[in-house]
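Numbers given in the numbering used here equal positions in the sequence shown, counted from 1, plus 71. Here is the structure we will look at.
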Amino acid sequence: MWDSIQYDGFEINVMPILINHAFGTPVGPNGRFRFSGYVCRPGVDLRHGYLTRAFQSLEFDLYESEAQAREAGYEMGRSIVDGRHPTISVDDLQRA
């Protein structure tokens, strides 16, 4: 389920994703977690992809719990809003 926080005029949305098998190798009954997320202005119509910036955990980043994955997603979202992320920017969302 999606969770969101408000941060510096943006909304950061994160969904932890349970991965039961990592690269074909069972990792136990509890699995591991990754995350998917997006940054947008509050209240935008999400059907228009140009109003959001999507992001996800890196391929080898696995988290022990849903809470850890969620917090890592929020941190990545904050880095995008703050301009610290190396490849994703919200500069053009400022004008949306």
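All residues carry an ideal CB built from backbone N, CA and C; glycine is no exception.
Classification of residue i by the beta-carbon crowding that lies within 10 angstroms, buried from 16 upward
i	result
Ser136	exposed
Ala140	buried
Gly144	buried
Sheet register partners of residue i (DSSP bridge)
i	result
Ser13	Lying outside 72 to 167, the shown extent of the chain, residue 13 is not represented and no answer is given.
Gln77	Glu82
Tyr121	Paired residue(s): none; Tyr121 is not in a bridge.
Tyr134	Phe104
Beta-carbon gap between residue i and residue j smaller than 8 Å
i	j	result
Ser128	Arg105	yes
Gly108	Val85	yes
Nearest to residue i (by Cα), restricted to the options the options
i	options	result
Phe131	Asn84, Ile90, Asp79 and Trp73	Ile90
Val110	Ile88, Glu142 and Met147	Met147
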